[in-house]
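Since the structure comes first, as structure tokens, the remarks are kept for the end.
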Ligand SMILES: Nc1ncnc2c1ncn2[C@@H]1O[C@H](COP(=O)(O)OP(=O)(O)OP(=O)(O)O)[C@@H](O)[C@H]1O
Ligand SMILES: [Mg+2]
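Residue numbers (our numbering): 44 to 283.
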């Protein structure tokens with residue numbers, strides 16, 4: 044579904060991605076892991092057309108998309124749940140959802156709106172409330188729901204667990220798995236390696252703009268390097 048070949052991205056003199064290659068097969072969940080500043084969000088921005096790559100190719104369902112505008116890429120079936128959710132505080136919950144369907148006709152998106160409200164009954168209860176009044180977990184669900192309103196083939200998620208309590212993280216991840224079982228291919232960016240690898244078919248680890256490791260969830264969870272960097276002593280939180 045998604046193939047990235049030797050992708051390089053720089054912000055002026057800062058090289059954020061030094062040439063990464065990865066594949067997200069149709070029907071799978073692939074995790075992209077890495078510490079702060081590793082280049083995860085940059086990869087998502089490049090795939091979705093928000094930043095122009097310096098070099099490399101990006102193929103969505105076999106067709107090159109690098110250099111296309113964001114809206115052209117979303118019409119080809121890509122949706123993004125961005126880092127920090129990017130909810131419009133002054134729009135209602137339903138208005139936020141409809142933004143995800145801006146290029147579709149009402150007859151086309153109406154069943155998807157129903158579906159989103161089935162998945163997230165709390166959003167339906169709060170449909171006329173301002174997006175900014177939702178809790179963090181509800182805003183994450185709204186961001187997910189908004190992405191689903193375009194009925195994507197490929198969904199990019201940038202740290203959906205960030206800032207959420209463990210119970211809500213579990214809920215969000217179980218919905219991600221459910222969407223995948225219904226046929227959505229997913230690239231899941233996470234710092235929470237343990238949670239992401241539990242649902243991912245395959246994972247890549249980014250370090251300083253380069254891929255350091257790749258493997259199945261089981262292989263990566265057992266890898267000593269990953270254990271030390273992401274699952275080790277710090278996993279239960281910092282000592283104070
Ligand atoms: N607009 C920008 N201008 C200059 N440098 C940038 C810009 N955006 C990101 N960078 C730099 O690129 C590198 C990768 O950043 P990126 O946001 O992709 O990391 P990340 O893996 O998503 O980190 P985090 O887990 O903290 O979200 C960092 O060194 C960052 O400072
Ligand atoms: Mg990021």
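Every residue, glycine too, gets a C-beta built ideally from N, C-alpha and C.
As the structure is a computational prediction, the values presented were derived from the model and not from experiment.
Given 7 angstroms as the limit, tell me if residue i has its C-beta closer than that to any heavy atom belonging to ligand 2.
i, result
"residue 84", "yes"
"residue 233", "no"
"residue 181", "no"
"residue 201", "yes"
"residue 107", "no"
May I ask whether a heavy atom of ligand 1 can be found less than 7 angstroms away from the beta carbon of residue i?
i, result
"residue 250", "no"
"residue 139", "no"
"residue 237", "no"
"residue 61", "no"
"residue 81", "yes"
"residue 273", "no"
"residue 145", "no"
"residue 101", "no"
"residue 246", "no"
"residue 77", "yes"
"residue 57", "yes"
"residue 54", "yes"
"residue 168", "no"
Compute the Euclidean distance between the alpha carbons of residue i and residue j, then round it to the nearest angstrom.
i, j, result
"residue 266", "residue 198", "27 angstroms"
"residue 233", "residue 168", "29 angstroms"
"residue 270", "residue 96", "32 angstroms"
"residue 278", "residue 150", "Because the pLDDT of residue 278 is 47, which lies under 50, any placement of that residue in the model is unreliable, and the question is left without a value."
"residue 137", "residue 268", "44 angstroms"
"residue 221", "residue 112", "30 angstroms"
"residue 171", "residue 133", "11 angstroms"
"residue 253", "residue 83", "10 angstroms"
"residue 162", "residue 139", "16 angstroms"
"residue 66", "residue 231", "12 angstroms"
"residue 225", "residue 164", "19 angstroms"
"residue 276", "residue 235", "Low confidence applies here, because residue 276 scores a pLDDT of 47, under 50, leaving its location unreliable; read the following figure in that light. The alpha-carbon atoms of residue 276 and residue 235 are separated by roughly 14 angstroms."
Does DSSP classify residue i as helix, strand or coil?
i, result
"residue 62", "strand"
"residue 218", "helix"
"residue 278", "In this prediction, residue 278 scores a pLDDT of 47, lower than 50, which makes its location untrustworthy; the coordinate-derived value is nonetheless stated afterwards. In the structure shown, residue 278 sits in a helix (DSSP, three-state: H, G or I)."
"residue 272", "helix"
"residue 160", "helix"
"residue 246", "strand"
"residue 148", "coil"
"residue 49", "strand"
"residue 259", "coil"
"residue 134", "coil"
"residue 233", "strand"
Within the present structure, is the beta-carbon of residue i separated from the nearest heavy atom of ligand 4 by less than 7 angstroms?
i, result
"residue 200", "Absence of ligand 4 from the depicted structure is noted, with ligand 1 and ligand 2 being the only ligands included."
From this set, the options, which residue's C-alpha is nearest residue i's C-alpha?
i, options, result
"residue 152", "109, 240, 189", "189"
"residue 114", "251, 105, 193, 164", "193"
"residue 240", "226, 219, 263, 210", "263"
"residue 156", "242, 70, 187", "187"
"residue 255", "164, 242, 60, 217", "60"
"residue 191", "154, 86, 56", "154"
- Query: Any contact of the stretch 171 to 181 with the stretch 45 to 61, i.e. 3+ C-beta pairs under 8 angstroms?
  - Reply: Judged by Cβ distances under 8 angstroms, the stretch 171 to 181 makes no contact with the stretch 45 to 61, as fewer than three pairs qualify.
- If we count Cβ pairs, one from each stretch, closer than 8 angstroms, do we get three or more for the stretch 200 to 207 versus the stretch 141 to 148? Result no; under three Cβ-Cβ pairs closer than 8 angstroms.
- Message: With three or more C-beta pairs closer than 8 angstroms as the rule, is the stretch 67 to 84 touching the stretch 231 to 247?
- Response: Verdict: yes, contact present.
- Message: If contact is defined by three or more beta carbon pairs under 8 angstroms, each pair taking one atom from either stretch, is the stretch 113 to 124 in contact with the stretch 91 to 99?
- Response: Touching, yes.
- Examine the Cβ distances between the stretch 98 to 112 and the stretch 206 to 216 and report whether three or more of them are shorter than 8 angstroms. The stretch 206 to 216 and the stretch 98 to 112 do not touch, with fewer than three beta-carbon pairs separated by less than 8 angstroms.
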